[in-house]
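Under the working numbering, the residues of the sequence shown are numbered 31 to 300, in order. Working notes, structure below.
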Amino acid sequence: MPLKSPPEIASAICKVGVEKSKLPLGKMFVLGMLAGVYIGFGCQLMITVTQDLASISLGLSQLLGGAVFSVGLMLVVIAGAELFTGNCLMTIPLCSGEIDWRGLTRNWIIVYISNFIGSVLLASIVFLSGLYSMGNYAVGVRAISIANMKVNLPFIQALMRGIGCNWLVCLAVWLANSSDTVTGKILSCIFPIMAFVAIGFEHSVANMYFIPMGIFLKGVPEIMARVREPITNLTWEGFLCNNLLPVTIGNIIGGGFFVGMLYWYAYLRK
31 MPLKSPPEIA
41 SAICKVGVEK
51 SKLPLGKMFV
61 LGMLAGVYIG
71 FGCQLMITVT
81 QDLASISLGL
91 SQLLGGAVFS
101 VGLMLVVIAG
111 AELFTGNCLM
121 TIPLCSGEID
131 WRGLTRNWII
141 VYISNFIGSV
151 LLASIVFLSG
161 LYSMGNYAVG
171 VRAISIANMK
181 VNLPFIQALM
191 RGIGCNWLVC
201 LAVWLANSSD
211 TVTGKILSCI
221 FPIMAFVAIG
231 FEHSVANMYF
241 IPMGIFLKGV
251 PEIMARVREP
261 ITNLTWEGFL
271 CNNLLPVTIG
281 NIIGGGFFVG
291 MLYWYAYLRK
C-alpha cells in the first residue's frame, strides 16, 4: 500500500506505541542512545553547513540548516531508534487504553536518559576530534553561538518554542508512517523538520547535543578569543534549568497533546 489514510496512520502509530512500551530495558536503552547519536549527527551537520551563512542571510541559513538537520530523523525512522520526542505520540495508545501510564513513563524516562547519553557521547567524540577548528575555528564559533542563544531564552519562550517544535516533529513521524517506501519516509522527514528549524523552534534532544558542545568549547582559547557575547549562562545549570526543562515540557505538550491526543480524538475515539 503506497499511502495510508489518516485513520490508518493513527492505528499504525497506536500499534507501534504498544510495541514500544513492551521493549526490554536493554534494547530500549541501546536504541535510545542511538537516537541521541543520530540527532547529534544532524546537529553537527547543521553547524558545519551554516557556519559561513549565518552572517549573510539568517533565513537562508536556517532553511538550509533545517534541510540537513533532517538527516537525524531520517536515521531514527529508517534505521530504527527510540527518540523521546517522537515517542510523545505514545499518548495515542494511552488514550486508546492499549497501554497504561506505567508503560508510557517507563519508555519516556529510559529513552530520555539514553537520548541524553547518546547526544553527549557524540558531542564528546566530535569535540575530541578537533572538528571545531574547521574554517579557522568558524565551526566552533558557530557552535558556541547556537548554544549560548539557547541558554539565554526566557522560560516561557523556550516552552512555547518546544511546543511548536514537537508539533512539527511528530507530524513528520506521522507522515513517515503514511508511507511504506524509503523515499516516502525521507520526504516526510525533510519538510516538517526544515520548517521547525527555519522557524526557530526548540528540540530537547537536539539541545542535548548543541548545548553540551558549546560548554565543551568554552575551554578552547582560539574560539573564546572570537566570541563577543557574554556566555555566563552557558553552564550545565543554565542548560538544564534555562533550556532543557522548559523545552522538554513544551515538546511533550506539542507532540503528546497537539498531535497525539487530538488525532486520537479525531480518528480512534470510540
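Ideal Cβ positions, reconstructed from N, Cα and C, are used throughout, including at glycine. These numbers come from a predicted model, not from an experiment.
Three or more pairs of CB atoms, one per stretch, sit closer than 8 Å, so the segment 174-193 contacts the segment 276-291.
Taking C-beta atoms as the reference points, LEU198 and ALA173 fail to come closer than 8 Å. Taking a C-beta distance under 8 Å as the contact criterion, ILE245 and TRP266 qualify as a contact pair. Within the segment 238-269, the complete alpha helix (DSSP H) runs of at least 4 residues fall at 251-254. Each of CYS271, ILE261, SER208, ALA236 was checked against the Cα of PRO37, and the nearest Cα belongs to SER208. LYS300 sits in coil when the DSSP states are folded into three classes, being neither helix nor strand.
Judged by their CB atoms, VAL141 and ASN117 are nearer to each other than the 8 Å cut-off.
Here ALA188 is buried. Its C-beta has 16 or more other C-beta atoms within 10 Å.
Pairing ASN145 with GLY62 gives a Cβ-Cβ distance under 8 Å.
About 19 Å separates the beta carbons of LYS34 and MET120, which is beyond the 8 Å limit, so they are not a contact pair. Rounded to whole angstroms, the gap between the alpha carbons of VAL98 and GLY72 is 7 Å. Per the coordinates, the alpha-carbon of ILE155 lies some 16 Å from the alpha-carbon of ALA65. Secondary structure note for GLY95: its alpha helix (DSSP H) is the uninterrupted segment 88-99. GLY95 is positioned such that its CB atom lies no closer than 8 Å to that of VAL106. Your pair GLN74 and VAL227 does not check out as a contact, with CB atoms roughly 14 Å apart and the cut at 8 Å. With respect to the 8 Å criterion, LYS180 and ILE241 are classified as neighbours on the basis of their beta carbons.
Counted as a single uninterrupted DSSP element, the stretch harbouring MET120 is not any alpha helix (DSSP H), since DSSP gives it neither H nor E.
For ILE143, the three-state secondary structure derived from DSSP is helix. Judged by DSSP in its simplified three-state form, LYS52 adopts coil rather than helix or strand.
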